[in-house]
Every structure is written in C-alpha cells, then in structure tokens.
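Chains as they are written, first to last, in the working numbering: chain P, 488 to 601; chain H, 132 to 245.
Glycine included, every Cβ here is placed at the ideal spot set by N, Cα and C.
All of these numbers come straight from a predicted model, not from anything done at the bench.
Before any comments, here is the structure.
Rendered as structure tokens:
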C-alpha cells in the first residue's frame with residue numbers, strides 16, 4: 488500500500504481563483520481529515536469526514552469546503568483564494584473517527600497563491 | 132479552547148546527551164496527547180501517545196496534569212533523532228467523545244550533532 492496519496496503535489500493559483508485538492512486514504516480507512524500548515528506553524532485542523540459525513544470543522548471561513556466520496560477519497564475545495572491561503576495542505580486517514588485510531592498523513596499539496 | 136505550546140523552536144544537543152522537548156497544553160477536559168515526528172523529506176508520523184505509555188525509539192513522554200505538560204524525553208540522543216517534532220492534543224465533543232481533530236503545537240526542530 489502506498490499510504491495516503493494526495494494530488495497535485497504543487498499548485499500555483501491567482502487570487503480569487505478556486506482550487507480543488509484531492510486525497511486518497513489508505514485502503515480500508517474510512518476517515519479523512521484535512522489540515523492546513525502555514526510555513527513555520529504546526530498543522531491546523533480544517534475538516535474531518537467519516538463515512539461521507541462531516542464530523543468536525545475547524546475555524547476556517549465558508550470559502551473552505553470538503554466532501555468524501557463512496558470510495559472514501561476526499562476533496563478539499565477553496566473558493567476566492569487569498570494570499571493567506573498559501574500553505575501546505577495535509578490529508579490524514581484513519582480506520583475510524585476516534586482518536587484510538589492512528590492518523591496517517593499524506594505528503595501534502597503545496598498551494599501557492601499569487 | 133484548546134492550545135498546545137512548544138516553547139522551543141530549535142533545540143540542539145550532542146550525540147549521547149539527554150534531550151527533552153517541552154510541550155504544554157491548555158484544555159478544559161481530559162486530554163489525549165500525542166507526539167508526532169517528521170524526518171527530513173518524510174511524512175508526518177505518530178511517534179507516541181500518552182495512553183499507550185510505551186517507549187518508541189527510546190523516547191518517552193509522561194502526562195503531567197498538574198503542570199499541564201507532556202514533555203518528550205530521551206536519555207541518549209542519536210543523530211538519526213534529528214527531525215521536527217510536534218506535540219498534539221485531541222479534542223472531545225460536547226458528549227465527551229474524542230474525535231480525530233488534532234490541535235498541534237508549532238513544532239521543535241531537534242538537531243543532534245555528532
């Protein structure tokens with residue numbers, strides 16, 4: 488198993504544009520979480536999805552949205568991009584939605600907004 | 132609101148010396164705490180969690196609720212321990228169930244010199 492995969496690896500967008508980031512969890516994992524990591528900071532929680540339902544949402548504006556598909560893969564969408572959205576976006580998958588289940592992180596998607 | 136503080140951004144030690152990475156937290160409930168590590172050009176991965184009470188790669192961490200701390204310790208540092216270390220806390224919902232949302236500290240870069 489390749490582990491959690493994310494696409495694309497890098498992305499450059501212009502202010503005001505829209506972006507979609509994709510995540511494929513480890514086979515058998517039903518939970519996907521998204522984190523934003525700004526340079527020099529720790530990852531910040533954006534969303535958690537389990538069995539296609541939103542289980543948690545961090546302190547992010549409504550420009551950020553996500554969904555989980557029947558195969559448990561997930562998309563993170565960001566509308567009306569701002570310069571401050573430039574960051575590494577991490578996806579993590581786990582077997583379940585509770586903390587006893589270890590979260591496995593993907594390599595991230597580096598988003599640059601110009 | 133929960134918060135995790137790692138007061139040292141950088142920590143340098145020599146091989147064979149003891150190392151302690153500090154982590155303090157603020158949380159109104161009963162915390163679940165973790166240490167994550169990111170080696171150069173690798174993904175973020177779980178190092179240890181307080182509920183396991185285990186030693187991983189010679190590292191241990193004890194939860195001190197009185198001091199609200201979860202410091203990571205190793206008696207004899209090795210060069211391969213050089214990495215970025217994040218302390219993280221798991222949140223609970225109103226019903227007391229712990230979900231997968233992790234709150235991370237800013238991270239400490241550990242460098243072990245030969």
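At what residues does the beta strand (DSSP E) containing residue i begin and finish?
i	result
residue 497 of chain P	497-500
residue 155 of chain H	155-157
residue 513 of chain P	Run containing residue 513 of chain P: none; DSSP gives neither H nor E here.
residue 135 of chain H	134-136
residue 536 of chain P	531-537
residue 553 of chain P	551-555
residue 598 of chain P	596-600
residue 540 of chain P	540-544
Give a yes or no on whether 7 Å exceeds the smallest Cβ distance from residue i to chain P.
i	result
residue 232 of chain H	yes
residue 141 of chain H	no
residue 201 of chain H	no
residue 134 of chain H	no
residue 177 of chain H	yes
residue 235 of chain H	yes
residue 170 of chain H	no
residue 158 of chain H	no
How would you call residue i, buried or exposed, if buried means at least 16 neighbouring beta carbons within 10 angstroms?
i	result
residue 533 of chain P	buried
residue 197 of chain H	exposed
residue 512 of chain P	buried
residue 567 of chain P	exposed
residue 238 of chain H	buried
residue 141 of chain H	exposed
residue 165 of chain H	buried
Any C-beta of chain H sitting closer than 7 Å to the C-beta of residue i?
i	result
residue 528 of chain P	yes
residue 555 of chain P	no
residue 532 of chain P	yes
residue 456 of chain P	The structure shown has nothing for residue 456 of chain P, since chain P only spans 488 to 601.
residue 594 of chain P	yes
residue 543 of chain P	yes
residue 493 of chain P	no
residue 504 of chain P	no
residue 589 of chain P	yes
Put residue i into one of helix, strand or coil per three-state DSSP.
i	result
residue 571 of chain P	helix
residue 505 of chain P	coil
residue 241 of chain H	strand
residue 564 of chain P	strand
residue 148 of chain H	coil
residue 140 of chain H	coil
residue 524 of chain P	strand
residue 231 of chain H	strand
residue 588 of chain P	coil
residue 582 of chain P	coil
residue 559 of chain P	coil
Which chain C residues sit within Cβ distance under 7 Å of residue i?
i	result
residue 518 of chain P	Structure shown: chain C not included; protein chains present are P and H.
- Where are the beta strand (DSSP E) runs, 3 residues long or more, that stay fully inside the stretch 156-222 of chain H, in chain order? Inside the stretch 156-222 of chain H, DSSP marks whole beta strand (DSSP E) runs of 3 or more residues at positions 163-169, 176-180, 203-205, from first to last along the chain.
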